[in-house]
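Note that this note's numbering gives residue 38 to position 35 of the sequence shown, counting from 1, and the numbers run on in steps of one.
Glycine included, every Cβ here is placed at the ideal spot set by N, Cα and C.
Report on the structure given below.
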Amino acid sequence: MKFITTNELSSFLGISIDSNIQAIADGAEEYVLSKIHYVPVNSITETFEGPASQVNLSQTYIASIEAMLLNNEPVTPAYNLMTGEIYITLSGGDQFSVTYYPTLEVVEEITTTTRYALLKGYPIKYIKQVTSNSSVISDYSLMGGMVLKLPKEGIYTVTYRIGDKLPNDIKMALLVLIKYWYRNYKDSSYGIESYKIGDVSVKFTSYNTIPFEVDKILEKYSLHYLSWFGGLV
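Right, here's the structure in full:
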């Protein structure tokens, strides 16, 4: 699970988390993210075009640093971003909006006794820089979005970007969906396969309905598209 903790899910469901629930939770996250307009950004400098006019917007969205624990370990956040929406109303009356989500740049010092290091932040979007003794290291690779393979053991400083903290309403939709699917799994004869953790696998194509409140939340986040948007910087 990327966006909710085991404790959060266990508290919401009122039961301990087993491999069945874990598989359903991972599949629900995948489903929710496939349904929403998901744009992690750290700055926007773009031109919004409409039928009657053109509006220029140039703004970097930087929020105050929040106290964060990643994998229950403290790290040094460089900065993070607010969650929200940009609304542009053109003189012709057309309104466009972009939903943006926060990402976090993390600077982590690691000491390794092997070529492999397990970074504390997750999920990692990309590695910005790796240094050792103030020298930039280019001979590295990221494995599984979390493990860094280095040229040799030693002391390194790694700067990387992780994402993303979901808005609270999407997070609630995710919890409700997991509970709904778990009840269907326990109380019905749905055939399950596909999303596999150990010996447990779940296929969500069998689930043709989702709760009304979940659908309304996802609909809100799926109404905005970037087809008219020049791009992200």
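Cutoff 8 Å; reference residue i; Cβ partners in own chain excluding five residues on either side
{"i": "S19", "result": "S13"}
{"i": "M175", "result": "I220"}
{"i": "R186", "result": "none"}
{"i": "K182", "result": "F15 and L16"}
Backbone secondary structure at residue i - three-state DSSP
{"i": "M146", "result": "strand"}
{"i": "L12", "result": "helix"}
{"i": "V58", "result": "Confidence is the limiting factor: at V58 the pLDDT is only 42, short of 50, which leaves the residue's position unreliable, though a coordinate-based value still follows. Correct three-state label for V58: strand."}
{"i": "Y151", "result": "It should be pointed out that residue 151 corresponds to Leu in this sequence rather than to Tyr. DSSP places L151 in strand when its eight states are reduced to three."}
{"i": "I173", "result": "helix"}
{"i": "D21", "result": "coil"}
{"i": "I245", "result": "Shown here, the chain extends from 4 to 236; a query on residue 245 therefore has no answer."}
According to DSSP, residues forming a beta bridge with residue i
{"i": "T114", "result": "I158"}
{"i": "Y34", "result": "None, per the DSSP bridge assignment."}
{"i": "Y163", "result": "V109 and I130"}
Span of the beta strand (DSSP E), counted from its first residue to its last, around residue i
{"i": "T134", "result": "I127 to S135"}
{"i": "S138", "result": "S138 to I140"}
{"i": "L121", "result": "Y119 to L121"}
Option in the options with minimal Cα separation from residue i
{"i": "L122", "options": "P154, S138 and Y163", "result": "Y163"}
{"i": "R118", "options": "Y159, K152 and I27", "result": "K152"}
{"i": "I130", "options": "Y159, G17 and P214", "result": "Y159"}
{"i": "S1", "options": "M146, M149 and G157", "result": "Because the chain is modelled from 4 through 236, residue 1 falls outside the range shown and cannot be assessed."}
{"i": "E111", "options": "V161, S144, G30 and L145", "result": "V161"}
Cut-off 6 Å between Cβ atoms - residues of its own chain near residue i, not counting five sequence neighbours on either side
{"i": "T115", "result": "E156"}
{"i": "T9", "result": "I20"}
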